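Undergrad:
2 protein chains.
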Amino acid sequence: MRNICLKITYEGTRYQGWQRQETSDNTIQGKFEGLLSRMCGEEITIQGSGRTDAGVHAMGQIANFHTHSDMGTEDMLFYMNQYLPEDIAVVEVMEVPERFHSRLNAKGKRYSYRIWNSSIPNVFFRKFAHTVEEQLDLKTMQEAASYLLGEHDFKSFTSTKKGKKSTVRRIDRIDIQKEGDLITFTFEGNGFLYHMIRILVGTLLEVGLGERSADSIPDIMGAKKREMAGMLVPGKGLILEEVYYETK
Amino acid sequence: MRNICLKITYEGTRYQGWQRQETSDNTIQGKFEGLLSRMCGEEITIQGSGRTDAGVHAMGQIANFHTHSDMGTEDMLFYMNQYLPEDIAVVEVMEVPERFHSRLNAKGKRYSYRIWNSSIPNVFFRKFAHTVEEQLDLKTMQEAASYLLGEHDFKSFTSTKKGKKSTVRRIDRIDIQKEGDLITFTFEGNGFLYHMIRILVGTLLEVGLGERSADSIPDIMGAKKREMAGMLVPGKGLILEEVYYETK
Numbered sequence: 000m001r002n003i004c005l006k007i008t009y010e011g012t013r014y015q016g017w018q019r020q021e022t023s024d025n026t027i028q029g030k031f032e033g034l035l036s037r038m039c040g041e042e043i044t045i046q047g048s049g050r051t052d053a054g055v056h057a058m059g060q061i062a063n064f065h066t067h068s069d070m071g072t073e074d075m076l077f078y079m080n081q082y083l084p085e086d087i088a089v090v091e092v093m094e095v096p097e098r099f100h101s102r103l104n105a106k107g108k109r110y111s112y113r114i115w116n117s118s119i120p121n122v123f124f125r126k127f128a129h130t131v132e133e134q135l136d137l138k139t140m141q142e143a144a145s146y147l148l149g150e151h152d153f154k155s156f157t158s159t160k161k162g163k164k165s166t167v168r169r170i171d172r173i174d175i176q177k178e179g180d181l182i183t184f185t186f187e188g189n190g191f192l193y194h195m196i197r198i199l200v201g202t203l204l205e206v207g208l209g210e211r212s213a214d215s216i217p218d219i220m221g222a223k224k225r226e227m228a229g230m231l232v233p234g235k236g237l238i239l240e241e242v243y244y245e246t247k
Numbered sequence: 000m001r002n003i004c005l006k007i008t009y010e011g012t013r014y015q016g017w018q019r020q021e022t023s024d025n026t027i028q029g030k031f032e033g034l035l036s037r038m039c040g041e042e043i044t045i046q047g048s049g050r051t052d053a054g055v056h057a058m059g060q061i062a063n064f065h066t067h068s069d070m071g072t073e074d075m076l077f078y079m080n081q082y083l084p085e086d087i088a089v090v091e092v093m094e095v096p097e098r099f100h101s102r103l104n105a106k107g108k109r110y111s112y113r114i115w116n117s118s119i120p121n122v123f124f125r126k127f128a129h130t131v132e133e134q135l136d137l138k139t140m141q142e143a144a145s146y147l148l149g150e151h152d153f154k155s156f157t158s159t160k161k162g163k164k165s166t167v168r169r170i171d172r173i174d175i176q177k178e179g180d181l182i183t184f185t186f187e188g189n190g191f192l193y194h195m196i197r198i199l200v201g202t203l204l205e206v207g208l209g210e211r212s213a214d215s216i217p218d219i220m221g222a223k224k225r226e227m228a229g230m231l232v233p234g235k236g237l238i239l240e241e242v243y244y245e246t247k
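Going line by line, the protein sequences match chains L and W. Counted from 1, the first sequence has number 43 at position 44 by numbering that gives the first Met the number 0; the numbering is strictly sequential. Counted from 1, the second sequence has number 56 at position 57 by numbering that gives the first Met the number 0; the numbering is strictly sequential.
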C-alpha cells in the first residue's frame, strides 16, 4: 500500500472543524475522505496531525492516507485542487514511508492567534482575528508568557475531558508582536491540549487588560483546575501554521 | 449646514461597487445613504472621493455629506459601525469646512493590486488577489513600470468612454514587491481613469510573462488606443488604500 502525505490549507469559517462527525459532513476530514475515495476508487480514511475546531484555520495542516491507487502525486495535487471548495487547498503531496503517521510522528506544532486591538472594526480581519477593544499591555502579556515556557502540566489550560492521559506539554516559544492594531501571538511546542492555545490566549488577554498580574501564571498552572485560567477565546483567531516532523 | 467627512473601509466582494445604482441597492454608497438618512432624520446624499468597481476593496475611501443633525462625530462613528454590515466599517468621522468636497479636493490616491503567483491556490487571498500561475519576471515588470511614471496621456489604459474629458494623469510611484508567492503592486498618482490601474496591471503582467517587452510601453501610451494595452484584470485584487488632500 502507498502512503500519501498532504500539506493542506483551509479557511475554517464555514466548517465544523477537521474531524469527521457522524451527524454532519461539514468537516474538512469529511470533505477529503469523500474526494479521495472518488479519486482513488476505493474507500479512503485520512489521518490528520491533529484536530482543529470549528472556525479554526490552517496554513499547514498535515494528513496522510493509504491507497492502492497508482496515480502520480502531481496528478493528485491537480485533481484535488480542481474539486476542493475554494476555501480548502492542497499545497503539497508527498509519498512517504508506509509507517509514517501524521499524528503519532509529529514532533511539534506552530500556531498563531490574532487579536484586533481597536474599537474600530477591521473588515479584512473579521474572520481571522478576535477583537478586543480595550488597549492591551503588550509588555505584561510578554512577561506572563515567559512563565509558560518549558515543560509543565497544562491541566488548567484545557477544557475538561476526564481521562488519564498526560496533560504535560512543552512550549518552546511564545512570541507576541504588534503591528498597528493587530497583535499576533505565536506558539511553538511539542503538542497542545484540547482548547489549550485559546485558553492560554484568553488568560494572557486578562493579564494584558490588568485583570490578572503576570506573576499569577505559576499559581494558575499549579492549581491544575480549568476554572483558575482565563476565558476561551473564539476559534476564528487561530491558525495552525506548521507541523514539525523529525524527517520529512 | 454641517459637512461631515468619513474615512471608510470595506471588503467589496459582495457589492456592485461604490456608486448608487437605480436598479440595485447593493452598493456601498446606497448602504451609507440609507443608514445616514435614518441616523440624521433627513435625506442624505453622500459624495465619495471616487467610484470603486464591483469587487474592489477599500482601506481608506473618503466620503462626505451635509446634514442639519447635531449628533456628535463620536456618536456618529459608534452608530454607523453598529448598523453597518460586517464587511463595511467607518474608521474616522471628521467635521470639515462646508466647502470641502471629497472628490474635487482630492490631490492624489494610493491603490494596491495583489497577484497570487503560484499554481497552488491560496485560500486566504482568494478574495483579495488575482492568481497568475506562470512565473512572472519582477525585474522586467519594474522596468516597464518606470516608463509609466510622470505625466502622460493614459488614454490607452482606460475603458472606452467617449468624451472630451482629459485623459492626462500623473503617476508618482509604482512599487512592485514580492513576498513569497504574493506580488503587490502599489500605485500613487494625482488621479486614475476608469479601469486604469487594472489595465496597467494587466499590461505589466503580459510584460512579466514575456508576451510584451518592457520598452513597448511608450508605444502603447503613444497610440492612445485601448486595444494596444493589455487585459483588464479582475476587481478583487484592487484596494483603494488612501486618498490624499492638501489640508485635512
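Backbone N, C-alpha and C define an ideal beta-carbon position, used for all residues, glycine too. Just so you know, these numbers come straight off a predicted model, no measurement behind them.
Please determine if the segment 104–117 of chain L and the segment 128–135 of chain L are in contact, where contact requires at least 3 C-beta pairs separated by less than 8 Å.
TA: Taking a cut-off of 8 Å for Cβ pairs, the segment 104–117 of chain L and the segment 128–135 of chain L touch, as three or more such pairs fall below it.
Undergrad: With a threshold of 16 other CB atoms inside 10 Å of the CB of Gln302 of chain L, please say whether the residue is buried or exposed.
TA: Nothing can be reported for residue 302 of chain L: it is not among the residues displayed for chain L, which extend from 0 to 247.
Undergrad: Use the C-beta contact count for Arg172 of chain W: other C-beta atoms within 10 angstroms, 16 or more gives buried, fewer gives exposed.
TA: Mapped onto the second sequence, residue 172 of chain W falls at position 173. Around the beta carbon of Arg172 of chain W, a 10 Å sphere encloses fewer than 16 other beta carbons of the protein chains shown; the residue is thus reported as exposed.
Undergrad: Going by other Cβ atoms of all chains shown within 10 Å of its Cβ, with 16 needed for buried, is Leu103 of chain W buried or exposed?
TA: Counting from one through the second sequence, the residue named residue 103 of chain W turns up at place 104. Under this definition Leu103 of chain W is an exposed residue.
Undergrad: Would you mind sorting Ser165 of chain L into buried or exposed? The rule is 16 or more other CB atoms within 10 Å of its CB.
TA: Residue 165 of chain L sits at position 166 when you count from the first residue of the first sequence. Exposed is the call here.
Undergrad: Please classify Ala228 of chain L as buried or exposed, where buried requires at least 16 neighbouring CB atoms within 10 angstroms.
TA: If you number the first sequence from 1, residue 228 of chain L lands on position 229. Label assigned to Ala228 of chain L: buried.
Undergrad: In angstroms, rounded to a whole number, what distance separates the CA positions of Tyr243 of chain W and Gly190 of chain W?
TA: Translated into positions along the second sequence, residue 243 of chain W becomes position 244. Translated into positions along the second sequence, residue 190 of chain W becomes position 191. Rounded to the nearest whole angstrom, the CA to CA distance from Tyr243 of chain W to Gly190 of chain W is 10 Å.
Undergrad: From this set, L:Val90, L:Thr72, L:Lys106 and L:Tyr9, which residue's C-alpha is nearest Glu245 of chain L's C-alpha?
TA: Mapped onto the first sequence, residue 245 of chain L falls at position 246. Out of L:Val90, L:Thr72, L:Lys106 and L:Tyr9, L:Lys106 has the C-alpha closest to the C-alpha of Glu245 of chain L.
Undergrad: When we look at the beta-carbon of Leu148 of chain L and count the other beta-carbons within 10 Å, is it buried (16 or more) or exposed?
TA: On the first sequence, residue 148 of chain L is found 149 positions in, with the first residue counted as 1. With fewer than 16 Cβ atoms within 10 Å of its Cβ, Leu148 of chain L is classed as exposed.
Undergrad: Distance, Cα to Cα, Gln28 of chain L vs Glu85 of chain L?
TA: One-based indexing of the first sequence puts residue 28 of chain L at position 29. One-based indexing of the first sequence puts residue 85 of chain L at position 86. In a straight line, the C-alpha of Gln28 of chain L is about 15 Å away from that of Glu85 of chain L.
Undergrad: For the segment 5–39 of chain W, enumerate the residues whose C-beta is nearer than 7 Å to any C-beta of chain L, in chain order.
TA: Thr8, Tyr9 and Glu10
Undergrad: Count the other CB atoms within 10 Å of the CB of Ser100 of chain L; is the residue buried (16 or more) or exposed (fewer)?
TA: Mapped onto the first sequence, residue 100 of chain L falls at position 101. The amino acid at residue 100 of chain L is misidentified as Ser; the sequence shows His. Per the 10 Å Cβ criterion, exposed.
Undergrad: Ends of the beta strand (DSSP E) at Gly47 of chain L?
TA: On the first sequence, position 48 is the one that residue 47 of chain L refers to. Element bounds for Gly47 of chain L: Ile45 to Gly47.
Undergrad: Determine, using beta carbons only, whether Val92 of chain L and Thr72 of chain L come nearer to each other than 8 Å.
TA: The count along the first sequence starts at 1 and reaches residue 92 of chain L at position 93. The count along the first sequence starts at 1 and reaches residue 72 of chain L at position 73. Yes, the pair counts as a contact, with Cβ atoms nearer than the cut-off.
Undergrad: Apart from the five residues just before and just after Glu32 of chain W, which ones in its own chain have a Cβ nearer than 7 Å to its Cβ?
TA: As a working note, residue 32 of chain W is residue 33 in the second sequence. Its chain contains Arg19, Ile43, Thr44 and Ile45 as the residues whose beta carbon lies nearer than 7 Å to that of Glu32 of chain W, once the 5 sequence neighbours on both sides are disregarded; these appear in chain order.
Undergrad: If the cut is a Cβ gap below 7 Å, which residues of chain W does Asp86 of chain L touch?
TA: Walking along the first sequence from the start, residue 86 of chain L turns up at place 87. Within chain W, the residues near Asp86 of chain L are Val122.
Undergrad: Just grab the DSSP bridge partners of Gln60 of chain W for me.
TA: The residue given as residue 60 of chain W occupies position 61 in the second sequence. BP columns for Gln60 of chain W point to W:Ile7.
Undergrad: Please list the partners that Arg125 of chain W has in chain L, where partner means a Cβ-to-Cβ separation under 8 Å.
TA: Taking the first residue of the second sequence as 1, we reach residue 125 of chain W at position 126. Per Cβ cutoff of 8 Å: Glu85 and Asp86.
Undergrad: Let's test the definition: count the other Cβ atoms within 10 Å of the Cβ of Tyr82 of chain L and tell me whether it reaches 16, buried, or not, exposed.
TA: Taking the first sequence and counting its residues from 1, one reaches residue 82 of chain L at position 83. Counting Cβ neighbours within 10 Å, Tyr82 of chain L comes out exposed, since fewer than 16 surround it.
Undergrad: Along the segment 56–73 of chain L, where does the CB come closer than 7 Å to a CB of chain W? Name the residues.
TA: Cβ contacts with chain W come from no residue of the segment 56–73 of chain L.
Undergrad: Quick check on Val90 of chain L - is its C-beta less than 8 Å from some C-beta in chain W?
TA: Residue mapping note: residue 90 of chain L aligns to position 91 of the first sequence, counting from 1. Yes, Val90 of chain L lies at the interface with chain W (some Cβ there is under 8 Å from its Cβ).
Undergrad: For the beta strand (DSSP E) containing Lys249 of chain W, list its first residue and its last residue.
TA: Nothing in the structure corresponds to residue 249 of chain W, since chain W is present only between 0 and 247.
Undergrad: Output the boundary residues of the beta strand (DSSP E) element that contains Lys108 of chain W.
TA: Position 109 of the second sequence holds residue 108 of chain W. Counting along the chain, the beta strand (DSSP E) containing Lys108 of chain W begins and ends at Ala105 to Trp115.
Undergrad: I want to see whether chain L comes within less than 8 Å of Asn80 of chain W, judged by CB atoms only; does it?
TA: To locate residue 80 of chain W, count along the second sequence from 1; it is residue 81. For Asn80 of chain W, the answer is yes, since a Cβ of chain L falls inside 8 Å of its Cβ.
Undergrad: So what's Val242 of chain W in DSSP terms, helix, strand or just coil?
TA: Position 243 of the second sequence, counted from the first residue, corresponds to residue 242 of chain W. The answer is strand: DSSP assigns Val242 of chain W an E or B state.
Undergrad: Going by alpha carbons, who is nearest to Lys235 of chain W out of W:Glu210, W:His194 and W:Asp214?
TA: The count along the second sequence starts at 1 and reaches residue 235 of chain W at position 236. Residue W:His194 is the option with its Cα nearest to Lys235 of chain W.
Undergrad: Over what stretch of residues does the alpha helix (DSSP H) that includes Val200 of chain L continue unbroken?
TA: Along the first sequence, one-based indexing puts residue 200 of chain L at 201. That run of the alpha helix (DSSP H) goes Met195 to Gly207.
Undergrad: Kindly say whether Leu239 of chain W, judged by its beta-carbon, lies nearer than 8 Å to any beta-carbon of chain L.
TA: For the purposes of this step, residue 239 of chain W is taken as residue 240 along the second sequence, with counting starting at 1. It does not; no Cβ of chain L falls within 8 Å.
Undergrad: Is the shortest distance between the beta-carbon of Ile119 of chain W and the beta-carbons of chain L less than 8 Å?
TA: Position 120 of the second sequence, counted from the first residue, corresponds to residue 119 of chain W. True, the Cβ-Cβ gap to chain L drops below 8 Å.
Undergrad: Could you compute how far the alpha carbon of Met70 of chain L sits from the alpha carbon of Cys39 of chain L?
TA: Within the first sequence, the letter at position 71 stands for residue 70 of chain L. Within the first sequence, the letter at position 40 stands for residue 39 of chain L. Met70 of chain L and Cys39 of chain L have their alpha carbons spaced roughly 8 Å apart.
Undergrad: Only counting runs of 3 or more residues, tell me where the beta strand (DSSP E) segments fall wholly within the segment 113–168 of chain W, in order along the chain.
TA: For the segment 113–168 of chain W, the full-length beta strand (DSSP E) segments reaching 3 residues or more read 149–152 along the chain.
Undergrad: Report all residues from its chain with a CB closer than 6 Å to the CB of Asn116 of chain W; omit the five preceding and five following residues, and keep chain order.
TA: For the purposes of this step, residue 116 of chain W is identified with residue 117 of the second sequence, where counting begins at 1. Once the five neighbours on either side are set aside, the close Cβ partners of Asn116 of chain W are Val131, Leu135, Asp180 and Ile182.
Undergrad: So, Thr26 of chain W versus Val90 of chain W, is the Cβ gap smaller than 8 Å?
TA: As a first step, residue 26 of chain W is located in the second sequence; it is residue number 27 there, counting from the start. As a first step, residue 90 of chain W is located in the second sequence; it is residue number 91 there, counting from the start. No, the pair does not count as a contact, with Cβ atoms beyond the cut-off.
Undergrad: Go through its chain and collect everything with a Cβ distance to Asn63 of chain L's Cβ below 8 Å, but skip five positions before and after it.
TA: One-based indexing of the first sequence puts residue 63 of chain L at position 64. Annotation for Asn63 of chain L: Asn2, Ile3, Cys4, Leu5, Ile45, Gln46, Val95, Phe99, His100 and Ser101 place their beta carbon closer than 8 Å to its own, counting only its chain and skipping 5 residues before and after.
Undergrad: What are the boundary residues of the alpha helix (DSSP H) that includes Ala228 of chain W?
TA: As a first step, residue 228 of chain W is located in the second sequence; it is residue number 229 there, counting from the start. Note, Ala228 of chain W: premise wrong, no alpha helix (DSSP H); not H, not E.
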